[in-house]
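> Here it is, the structure, as structure tokens.
Protein chains in written order, with full-length UniProt numbering: chain Y, 1 to 768; chain S, 1 to 768.
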């Protein structure tokens with residue numbers, strides 16, 4: 001854990017440069033605008049350790065799978081969101097010597113991410129061998145209003161330097177992925193053009209044929225117009241590189257800014273034939289409007305977003321900073337503007353996990369979007385609906401009926417290749433079904449379920465029905481050879497969570513079919529016809545749900561995580577020497593597997609999903625048994641545990657677990673943020689406040705709240721949308737206030753009281 | 001299954017060339033002389049599908065590990081026996097057009113491996129566009145008397161062709177491994193020299209620094225000296241290639257032979273400084289002696305070997321051919337002349353399995369050597385003894401005490417990287433302990449055990465004692481998270497075989513310690529001192545053996561292969577559609593894992609190792625349950641099952657299983673011989689005859705036999721050595737004859753009768 005950044009409500013501020021942590025800080029200072037994003041690496045050349053990365057949402061490459069020992073059914077490719085044309089590059093030379101923070105001398109390094117305004121600033125004072133000093137200030141933002149536009153500025157202020165400063169802004173298509181499996185280059189050049197006004201570079205991915213045209217214009221502004229700045233601008237080009245060389249002779253006191261505007265258009269959005277024209281046109285428009293106006297409209301958009309999504313916490317500035325960082329990164333990655341996209345676990349902040357889609361989306365990110373903007377949540381549901389055919393192919397590859405959604409995917413094709421995950425971590429299907437239920441329950445809108453979701457549910461149910469094993473001697477159904485959410489056990493039988501999700505899906509599917517039949521007999525008939533569903537199948541599903549086997553430990557009154565879990569040596573995490581944590585960095589895999597230690601919520605995940613199924617004492621017994629054995633070595637784990645702890649009144653535990661997730665990246669809690677940030681955990685942090693501390697849920701079709709004030713917080717406040725209403729919930733030591741900001745009157749439940757809400761009227765209750 | 005070769009007692013004959021099976025036939029026509037070996041690929045250029053491979057025993061390269069998802073503890077390298085300088089190459093042109101069986105026209109293709117004389121011959125008639133015909137006959141052998149010498153000959157006989165035939169014999173160091181993980185080249189050139197008399201090429205492996213000097217001399221012999229042959233010989237060289245170009249103008253009837261003699265010396269055997277001189281000297285000596293003499297002495301050596309090792313079968317020519325092929329390949333690969341070596345599962349016949357050492361050596365190959373030449377068996381034991389320190393390092397890497405021998409190794413370092421195998425298939429330790437016991441029991445020689453083996457046993461015991469888990473509620477010891485010999489289940493608890501081997505090792509170690517103490521108190525004290533063994537450890541070992549848990553199925557009276565096996569859907573192989581076999585080519589891995597189907601003997605393997613522990617009825621019940629569920633998709637499986645079937649009187653079953661192993665490669669039974677032959681299975685075939693059909697065992701310190709005549713055989717005969725004696729056992733319909741060929745008188749047990757053997761006297765009994 002580290003405390004690298006200055007505590008601030010709205011900013012992430014780094015003072016002093018730590019080259020050994022450069023990948024970590026690069027991750028933290030990631031910017032994105034849904035369409036594109038980049039790590040916080042430097043504009044100028046930097047020869048120290050760095051993971052440069054500029055990613056374009058939805059532009060991927062099927063990298064050849066790397067595997068030691070092939071297993072039947074492994075995918076041939078792993079789709080990766082890939083590093084693309086470097087458009088932030090601005091090399092700098094001072095009297096012909098490259099400015100390079102790995103070798104140059106400098107002081108007062110400062111980096112600041114202004115989350116309110118969505119801008120990253122970096123500054124330092126270069127110091128020369130004879131006491132010369134120049135202040136460099138770099139600013140960048142990705143326009144939230146014009147998704148194709150990125151704006152960069154470098155301000156140069158010579159304090160006492162006399163000589164030539166050279167700036168070389170460029171576009172460079174010769175980029176690679178550090179994680180390319182066979183050192184392959186993913187791009188080929190289509191075109192490069194360079195005029196005095198505009199530089200243009202068009203690259204295309206091999207195989208997938210995504211074409212990207214990047215256009216750039218630059219301009220130098222003298223900040224002291226009274227002193228002329230006899231700058232010279234030359235054209236520079238090389239293979240896959242276009243740029244300009246500004247040679248600026250300066251004297252002490254000189255101050256100037258280089259603006260670099262970039263337009264990035266991809267063939268995902270525009271016809272290939274129009275791509276370069278479009279890029280040029282967008283760039284021209286941006287140029288005409290100018291940097292300042294671009295920034296103003298970008299800020300305004302961000303302010304409007306914060307107005308909707310902000311969570312205000314008082315009494316704990318680090319908690320405030322943490323949750324705003326989470327929200328900022330979530331909205332920078334995915335805010336629903338392109339329904340073809342989804343949420344990669346690292347967003348635009350790194351190569352790890354290939355920027356592709358996991359069950360994280362449905363299980364962990366979904367509530368954040370569902371509670372704030374159900375349309376976005378619906379987009380996420382449609383994403384899976386569009387991939388249903390591929391999920392059916394995927395099940396067929398394993399010799400099974402129905403649909404198995406991939407563990408990892410961009411376009412619906414499975415990309416992962418560990419048998420214990422790819423083939424066995426099939427509970428993912430359950431989360432995808434659960435999200436349909438979650439959406440329907442929260443919004444009250446049955447249209448997605450009945451028009452689309454039900455088809456997914458039927459195919460997932462068919463998968464489960466084919467995947468179970470009937471055990472004639474015990475007269476029950478089992479699910480053999482699976483990996484549960486706890487990936488620290490592999491290839492187990494009867495993972496309680498998986499069995500629960502399977503049986504629940506079958507029941508929910510049957511119930512939804514009944515609903516459709518009741519609502520619309522003709523539609524139901526057409527649906528049966530389309531899916532070929534038989535009465536025999538439905539009967540089988542019912543039998544499976546009735547006879548599903550759930551491992552249970554009688555003497556402890558708890559669910560058994562899976563068969564044989566209780567044969568393990570039963571220790572608790574507190575027994576372990578801290579030097580052995582995290583286990584995944586210290587223990588060999590077999591030792592982890594045969595230990596009782598749990599990577600992330602498994603039984604507790606099931607308790608989290610279905611609060612209505614289990615009484616408080618049952619939840620408490622299971623939590624008491626499993627949480628002390630959970631090492632939380634997945635960023636997904638603490639938030640789920642925090643919510644369940646809140647529900648059973650373990651407030652201190654809930655807060656302690658929340659702290660592990662809310663500042664996971666800012667404090668580099670798991671020492672792995674160099675690879676990128678943990679978006680899923682960020683969504684979980686938000687949910688831990690809203691579902692955990694505030695106790696938000698839908699029960700009996702009513703929105704309910706049961707808020708408390710965690711740890712040192714003196715108040716917190718957030719907004720949600722619910723069935724056409726907008727509500728602000730504020731909790732402080734004395735009272736819970738619920739304000740209906742928009743929409744029709746509504747009765748909700750706070751604690752156990754019914755509370756009728758009228759528009760523009762704030763209801764308050766005493767905090768319990 | 002295929003029937004590609006002509007039935008013959010001593011030869012493997014292929015008539016007609018099948019390019020689509022070229023890899024298969026290349027594997028079959030592998031030659032070796034322990035020091036080096038090569039696949040049966042062609043001398044002349046061949047542009048069709050081919051896996052060229054020339055391997056030098058013990059010359060390996062640590063190829064970088066390929067893995068999709070790294071697990072803590074995986075090895076960084078996989079040691080591979082690698083393709084080395086191509087010294088068989090003789091390119092041929094006819095009037096300037098390359099002879100290439102992928103493009104040229106030819107007839108009467110014939111390949112013949114003469115096992116009695118250890119020589120491979122290949123011939124065909126090239127046919128030209130105008131009816132020209134030339135007979136080409138290629139011959140090769142690797143000298144069994146001079147391990148560094150290889151001899152090749154091409155005879156050219158122009159039936160009616162007039163023109164120029166060009167022969168280009170060469171040495172080429174620019175070779176690669178098809179299975180190189182990152183396309184790496186493993187060799188660098190040290191030197192190449194070319195004179196009119198000798199070509200020399202010296203290559204060295206990167207990293208491991210094995211240097212190999214190959215020297216070549218060639219000569220043309222006119223077979224019709226009456227007609228002059230105005231051949232021209234030129235020197236040819238290129239980067240990493242040296243050779244000669246013979247241009248031979250011929251007229252119809254011309255007949256000549258090119259001899260190519262090669263000497264291959266490695267820095268494993270000679271100082272690097274002397275390497276080239278030594279190669280030249282060996283080549284010069286060979287040249288002076290001449291091709292014919294070289295062949296004569298090679299044949300004589302082979303005949304002497306056959307005298308010792310042959311198994312003669314009458315009444316079944318295909319069985320005769322099969323077993324001779326097995327013996328031929330075993331002795332070509334490993335006959336104990338270099339105790340630093342061991343037996344790679346593919347010998348010199350391919351890249352698969354890297355040519356490295358598996359538990360196959362101790363579990364399957366060992367009896368063949370033990371019963372025929374115990375000194376070789378002892379060499380194999382010493383091989384592991386020398387790697388004990390590495391095995392201790394290996395255990396330490398997994399956080400465990402004692403020694404864990406690697407799954408795959410050349411130099412003692414673990415090379416495998418599948419967690420379920422590398423970390424969990426720990427039963428391999430048991431086979432290594434068992435081989436010590438097997439050697440000691442058969443030879444009666446306790447010196448290896450007490451002077452060396454005991455140290456291994458103690459460290460393996462320490463490993464088991466640390467690897468078990470005490471289960472306080474059930475008051476027993478378990479072994480969690482293992483993979484048994486049946487690799488079609490992974491990460492199971494309490495594999496019966498593994499638990500058995502672990503407990504047996506502990507007991508055997510304690511017994512051996514007691515033996516040492518009885519034999520030599522001082523030596524015992526020194527041993528205790530050296531190993532730091534404590535009374536506490538010994539007590540713990542005793543407790544573990546007493547309280548070891550063995551899964552058992554009460555209602556069936558059988559051992560349970562591992563916990564939860566009985567929760568599977570219990571089918572038998574006969575229920576499967578043949579189109580789904582082999583499962584590993586048709587089913588996804590998860591489906592295989594959760595099925596009841598067994599890859600290879602697991603419980604039956606334990607029954608095989610310890611016939612004295614289990615009564616016939618127990619063996620029969622277990623065999624009846626498990627064998628029908630075993631798909632035998634490991635070449636190791638059928639022979640073990642055949643032996644156990646013989647023991648319980650299942651003669652037909654024993655013979656049927658034997659057939660799957662004895663001609664596994666010749667008939668390409670598993671359709672995977674293209675990768676190389678299955679040496680381990682070959683040893684198993686021999687053992688299936690000797691231990692199975694002939695019922696050889698040592699019981700109560702007495703050699704025992706219980707022979708029967710399997711299937712259509714009318715007789716079989718083999719020789720063994722036993723405690724200084726040499727015996728010939730011959731079985732036919734009427735009688736069992738045992739002849740003491742050498743050594744002191746001996747009493748053995750045949751069936752239940754004691755039989756006293758006197759030198760040079762043959763005892764016969766009626767066959768039962």
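Glycine residues also receive a C-beta, built at the ideal position from the N, C-alpha and C atoms. Please read these numbers as outputs of a predicted model, since none were measured by experiment.
Reducing DSSP to helix, strand and coil, say where residue 292 (chain Y) ends up.
Three-state DSSP puts residue 292 (chain Y) in a helix.
> Closest to residue 376 (chain S) by C-alpha separation, out of S:712, S:443, S:759, S:138, would be which residue?
The candidate whose alpha carbon is nearest that of residue 376 (chain S) is S:443.
> Report, in whole angstroms, the separation of the C-beta atoms of residue 680 (chain Y) and residue 345 (chain Y), which I expect to be a contact under 8 Å.
Contact flag correct, Cβ pair sits at about 5 Å.
> Let's see if you can read the secondary structure: which residues bound the beta strand (DSSP E) around residue 163 (chain S)?
Where residue 163 (chain S) is concerned, the enclosing beta strand (DSSP E) stretches over 163-172.
> Select from the segment 356-381 of chain S all residues with a C-beta closer than 8 Å to any C-beta belonging to chain Y, and list them in chain order.
So the list is empty, because no residue satisfies the distance condition.
> State the beta-bridge partners of residue 496 (chain Y) as determined by DSSP.
Answer is none; residue 496 (chain Y) lacks a bridge partner.
> What does the alpha-carbon distance come out to for the pair residue 718 (chain S) and residue 9 (chain S)?
Going from the Cα of residue 718 (chain S) to the Cα of residue 9 (chain S) covers about 15 Å.
> Per DSSP, residue 765 (chain Y) is paired with what?
Partner(s): Y:736.
> Consult DSSP for residue 32 (chain S) and reduce its assignment to one of helix, strand or coil.
Looking at residue 32 (chain S) - three-state DSSP - the assignment turns out to be strand.
> Under a Cβ-count criterion, where at least 16 other Cβ atoms within 10 Å of its own Cβ denotes burial, should residue 422 (chain S) be classed as buried or exposed?
With 16 or more Cβ atoms within 10 Å of its Cβ, residue 422 (chain S) is classed as buried.
> Could you work out which residues of chain S lie near residue 591 (chain Y), taking near to mean beta carbons separated by less than 9 Å?
Result: 72, 73, 398, 399, 400, 423, 481.
> Quick one: does residue 588 (chain Y) have its CB under 8 Å from some CB of chain S?
Chain S contact via Cβ: present.
> Does the segment 47-63 of chain Y come close enough to the segment 91-105 of chain Y that 3 or more CB-CB pairs lie under 8 Å?
Segments in contact, yes.
> Do residue 727 (chain Y) and residue 735 (chain Y) have their C-beta atoms closer together than 8 Å?
The answer is no: Cβ separation not under 8 Å.
> Interface residues of chain Y around residue 419 (chain S) at Cβ under 7 Å?
Per Cβ cutoff of 7 Å: 589, 590.
> Where do the ends of the alpha helix (DSSP H) carrying residue 705 (chain Y) lie?
That residue, residue 705 (chain Y), is in no alpha helix (DSSP H); its beta strand (DSSP E) goes 702-705.
> If you drop the 5 nearest sequence neighbours on each side, which residues of the same chain put their C-beta closer than 7 Å to that of residue 558 (chain S)?
Excluding sequence neighbours, residue 558 (chain S) sits near 621, 622, 625.
> I'd like the list of long-range same chain contacts for residue 7 (chain S), defined as Cβ closer than 7 Å, with 5 residues on each side in sequence excluded.
Counting only Cβ-Cβ distances below 7 Å, and skipping sequence neighbours, we find 317, 318, 321.
> Just tell me which of Y:156, Y:161, Y:149 has its CA closest to the CA of residue 130 (chain Y).
Ranking Y:156, Y:161, Y:149 by Cα distance to residue 130 (chain Y) puts Y:161 first.
> Kindly list the residues whose CB is nearer than 6 Å to the CB of residue 134 (chain S), restricted to its own chain and excluding five residues on each side of it in sequence; keep chain order.
Closer than 6 Å at Cβ, skipping near neighbours: 126, 158, 161.
> Suppose you measure from the CA of residue 218 (chain S) to the CA of residue 116 (chain S); what does that come to, to the nearest Å?
Roughly 26 Å between the two C-alpha positions.
> Look at the Cβ atom of residue 832 (chain S), then the Cβ atom of residue 262 (chain S), and state whether they are nearer than 8 Å.
With chain S covering 1 to 768 only, the question about residue 832 (chain S) has no answer from this structure.
> Would you check if the segment 248-263 of chain Y and the segment 280-298 of chain Y touch, i.e. whether three or more CB-CB distances between them fall below 8 Å?
Cβ pair count under 8 Å is three or more, so yes.
> Taking all protein chains shown into account, do 16 or more other C-beta atoms lie within 10 angstroms of the C-beta of residue 710 (chain Y), making it buried, or fewer, making it exposed?
When all chains shown are included, residue 710 (chain Y) counts as buried.
> Hey, does residue 354 (chain Y) have any beta-carbon neighbour from chain S nearer than 8 Å?
Not an interface residue.
> From S:648, S:372, S:371, S:366, pick the residue whose C-alpha is nearest to that of residue 382 (chain S); which is it?
It is S:366 whose Cα lies nearest to the Cα of residue 382 (chain S).
> Just the C-alpha distance for residue 519 (chain S) and residue 449 (chain S), rounded to the nearest angstrom, thanks.
Spanning the two alpha carbons is a distance of roughly 12 Å.
> Taking only beta-carbon positions, decide if residue 464 (chain S) is within less than 8 Å of chain Y.
Not one chain Y Cβ lies under 8 Å of residue 464 (chain S).
> Along chain S, which residues have their Cβ under 7 Å away from the Cβ of residue 407 (chain Y)?
Neighbours of residue 407 (chain Y) on chain S: none; closest Cβ ~12 Å, over 7 Å.
> Verify the CB distance criterion: does residue 478 (chain S) have a CB-CB separation below 8 Å to chain Y?
So yes, residue 478 (chain S) belongs to the interface.
> Pick out whichever of Y:707, Y:106, Y:142 has its Cα sitting closest to the Cα of residue 120 (chain Y).
Out of Y:707, Y:106, Y:142, Y:142 has the C-alpha closest to the C-alpha of residue 120 (chain Y).
> Which one or two residues does DSSP pair with residue 141 (chain Y) in a beta bridge?
According to DSSP, which records beta bridges pairwise, residue 141 (chain Y) is partnered with Y:151.
> DSSP three-state label for residue 358 (chain Y), please.
The answer is coil: DSSP assigns residue 358 (chain Y) none of H, G, I, E or B.
> Spatial neighbours of residue 689 (chain Y) within its chain, please: CB distance less than 8 Å, with the 5 preceding and 5 following residues excluded, ordered by chain position.
Here the set comprises 311, 323, 658, 716, 718.
> Mind listing the chain S neighbours of residue 67 (chain Y)? Cutoff is C-beta to C-beta under 8 Å, in chain order.
Those are 66, 67, 68, listed as they occur along chain S.
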